[in-house]
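*Asks:* Each residue of the sequence shown is one higher than the one before, starting from 1 at the first, in the UniProt record's numbering.
Take a look at this one; I'll ask things after.
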Amino acid sequence: MDSRLLALNADITTLAIDAIVNAARPSLLGGGGVDGAIHRAAGPELLAACRRLGGCEPGDAKLTPGFALPARYVIHTVGPVWRGGGHGEAALLASCYRRALFVAADRRLASVAFPCISTGAYGYPFDAAARLAVDTVAETLALLPEIERVLFVCHAERDLAVYLRLLAGRPL
Ligand code: ADP
């Protein structure tokens with residue numbers, strides 16, 4: 001596996017890195033989960049900046065500053081809502097990772113941290129989402145040598161164990 005990929009347990013809002021990725025709502029006007037945590041930590045300027053973006057389609061990604069966060073930027077992406085797997089969910093989720101990395105590369109950002117998009121309120125099965133995340137990021141980084149580090153940020157020991165197995169190339 002690409003040595004630029006790492007997994008860790010952390011609150012993504014505490015990371016001092018070029019960009020953290022937000023698993024946002026299509027309105028970009030805030031929500032629960034990681035989105036709520038990012039808005040609380042970034043302060044009200046983030047919501048004002050998001051308002052100016054005019055929403056985001058599922059599978060797309062848009063950039064704002066990080067404001068009060070230790071991260072310089074936030075890349076907002078909208079994952080698919082899990083509806084059984086037969087509604088293009090995997091393609092949309094892969095697009096989130098790809099688009100977020102291209103947005104980062106366009107700004108010459110070298111380090112990006114992802115939460116496990118769609119696996120909270122949006123209900124995507126965790127193991128399948130993590131596998132798609134690792135495979136898609138590895139494929140995309142092959143096109144983006146300027147990106148030096150991608151972190152998969154987990155919020156539970158069990159989730160981290162899944163990513164560590166995937167990164168080690170072991171079966172789940
Ligand atoms: P979605 O609506 O895309 O499912 P959620 O925020 O509900 O987004 O959950 C996405 C993932 O983010 C879940 O795996 C959840 O455990 C994780 N998560 C929630 N809060 C944080 C945080 N502060 N830092 C990192 N990951 C988080």
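No residue lacks a Cβ here, since even glycine has one placed at the ideal position from N, Cα and C.
Rounded to the nearest angstrom, what separates residue 123 and residue 81 at their Cα positions?
*Replies:* Roughly 7 Å between the two C-alpha positions.
*Asks:* Measuring from the CB of residue 136, is there a heavy atom of ligand 1 at a distance below 7 Å?
*Replies:* The answer is no for residue 136.
*Asks:* Using C-beta distances below 6 Å, list every residue in its chain close to residue 27, excluding the 5 sequence neighbours before and after it, in chain order.
*Replies:* Excluding positions up to five away in sequence, the list reads 55.
*Asks:* Under 7 Å from any heavy atom of ligand 1, does the C-beta of residue 115 make it?
*Replies:* Yes; taking the cut-off as 7 Å, the Cβ of residue 115 has a heavy atom of ligand 1 nearer than that.
*Asks:* Would you kindly report the start and end of the unbroken beta strand (DSSP E) that includes residue 65?
*Replies:* Where residue 65 is concerned, the enclosing beta strand (DSSP E) stretches over 61 to 65.
*Asks:* Can you list, in chain order, the stretches of the beta strand (DSSP E) that have 3 or more residues and sit fully within the stretch 39 to 97?
*Replies:* Fully enclosed beta strand (DSSP E) runs of 3 or longer: 61 to 65, 73 to 77.
*Asks:* When burial is assigned at 16 or more other CB atoms within 10 Å of the CB, is residue 111 buried or exposed?
*Replies:* Classification for residue 111: buried.
*Asks:* Given this structure, state the Cα-to-Cα distance separating residue 39 from residue 131, to the nearest angstrom.
*Replies:* Their Cα atoms are separated by approximately 27 Å.
*Asks:* Please tell me whether residue 73 and residue 18 are closer than 8 Å, where the distance is taken between their beta carbons.
*Replies:* Cβ atoms of residue 73 and residue 18: closer than 8 Å.
*Asks:* Quick one: using the 10 Å Cβ neighbour count with 16 as the cut-off for buried, is residue 25 buried or exposed?
*Replies:* With 16 or more other Cβ atoms within 10 Å, it is buried.
*Asks:* I need the DSSP call for residue 6, collapsed to helix, strand or coil.
*Replies:* Of the three classes helix, strand and coil, the one that applies to residue 6 here is strand, per DSSP.
*Asks:* My assumption, with CB atoms under 8 Å, is that residue 76 sits in contact with residue 9. Please give the rounded CB distance.
*Replies:* At roughly 23 Å, the Cβ-Cβ gap does not stay under 8 Å, so residue 76 and residue 9 are not in contact.
*Asks:* Tell me the rounded alpha-carbon separation between residue 108 and residue 45.
*Replies:* Roughly 23 Å separates the two Cα atoms.
*Asks:* By Cβ distance, which residues of its chain are closer than 6 Å to residue 205, with the 5 residues on each side in sequence left out?
*Replies:* For the chain, the structure presents residues 1 to 172; residue 205 sits outside this window and is missing.
*Asks:* Going by C-alpha to C-alpha distance, which of 147, 162, 121 sits closest to residue 31?
*Replies:* Nearest of 147, 162, 121 to residue 31, Cα basis: 121.
*Asks:* Quick check on residue 20: does DSSP put it in helix, strand or coil?
*Replies:* Of the three classes helix, strand and coil, the one that applies to residue 20 here is strand, per DSSP.
*Asks:* Check whether the Cβ atoms of residue 20 and residue 71 sit closer than 8 Å, and answer yes or no.
*Replies:* Yes; because the gap between Cβ atoms is below 8 Å, this pair is in contact.
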